[in-house]
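Just so we're aligned: 256 in the numbering used here is position 212 of the sequence shown, and the numbers increase by one with no gaps anywhere.
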Amino acid sequence: MEKPFSRFERRVAALAAGALALLALGGCTLKHPTANLVEGKQLFVQKCGACHTLAHAATQGQVGPNLDDAFRQDRADGVKSTSIQGLISYWIEYPNLQGVMPAKLFTGQSAQNVAAYVAQVAAIPGQDTGALGTAVESAAQKPASEKNGTVEIDADPTGQLKFLASSASATAGRVTLRMSNKSSVPHDIAVTGGGVNDVGPVVSNGGVSSVTVALRPGTYTFFCSVDGHEAAGMKGTLTVK
Ligand code: HEC
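Here you go:
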C-alpha cells in the first residue's frame, strides 16, 4: 500500500508543485548548519514581525497568520525543522501572489537565516536564550514631554510595533506630535480623543511623520494607524494640562 501523503506534504503541495521537489531535497540542500540564527532573528523582527506574531521573537503582527499557530500541528505530526525551514524559504520567495505578503523580502543567505530561525522556534515553548536572547535589543521606552510645542515620539528602530514612549505630556494649545521612523516597517502617528482625530503621513526608512492639532486639557491616545499596529501595542497616552 502506498504511504499516504502527510498533512504537511499536502500543505506544501497546495502551495505549488515546485515546492514538493524542494521538500524532497529538504534533507540535504536545505539543511544549513551555517545558518546564522542571530541574524535570522534580527531580520525577522525588522521585516516580518510587523505582519506575523512569533512568540520567541516577541513580534505581534496581525496582518498575516500567527506563525506559532501555523506550525503547531506540523510539530505535533513530527515534521522535521528542516522541512519547515524549506516551506518558509519557499514562502519568502513565492508568497501567494494575490496576497499581501511581498515576495523576496530577503534572498540568498539572509532568506536562509530567517527561514532557519523561524523553523527553529515556531510553535516551540519557552524563550530564546544566550546570543539569541539578546539578538534584538529592545530600545527602552521612556515618557515623552513637549518642547516648544513639539512632542517627539519616535518609532522603535528595530521594527517592533511600538513607539519609544508609551506616555507623553504637553500643555494645552497647538501641539505637534512628531515621529521619526528609522525602521523599514511603515508607520504613521495619529492622535485621537476629545473630538480630535488626525493623522500624519505613513513613513519608513528614516522618514518623519507629524501631525499638528489644537488640544484642550485632557487625555488623548496617540497611535499608529497602519493596519494592526495599534492592536499590537503601538499606542500610548498623551496627557494635556
Ligand atoms: C505585509 C505583511 C507581511 C509581511 C511583511 C510578511 N508576511 Fe508572511 N504572510 C502574510 C500574509 C497575509 C500571509 C497569508 C497568505 C497570504 O495572504 O499571502 C502570509 C503567510 C506566510 C507564511 C505561511 C504561513 C502558513 O500558514 O503556512 C509564512 C511561513 C510567512 N508568511 C513567513 C513570512 C516571513 C518569514 C516574512 C519575512 C521575510 C514574512 N512572512 C513577511 C503577510 C506578511
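C-beta: ideal position from N, C-alpha, C; glycine also.
Model, not experiment: these values are computed from the prediction.
Cβ-Cβ distances below 7 Å link residue 164 to 81 and 125 in the same chain, with the five nearest sequence neighbours on each side left out; the list follows chain order.
9 Å or more divides the Cβ of residue 185 from the Cβ of residue 84. Per DSSP, residue 239 is not a residue of any beta strand (DSSP E), being assigned neither H nor E. Here the alpha carbons of residue 235 and residue 179 stand approximately 32 Å from one another. In the DSSP assignment, residue 152 falls within the unbroken alpha helix (DSSP H) covering 152-165. Sequence-distant Cβ neighbours of residue 248 in its own chain, meaning closer than 8 Å and more than five residues away, are 225, 227, 228, 229, 230 and 231.
Under DSSP, residue 104 takes part in a beta bridge, and its partners are 97. Counting other Cβ atoms within 10 Å of its Cβ, residue 182 stays below 16 and is therefore classed as exposed. Rounded to the nearest whole angstrom, the CA to CA distance from residue 159 to residue 150 is 10 Å. Residue 273 has its CB no nearer than 8 Å to any heavy atom of the ligand HEC. When secondary structure is reduced to three states using DSSP, residue 221 falls in the strand class.
Judged by their CB atoms, residue 136 and residue 147 are nearer to each other than the 9 Å cut-off.
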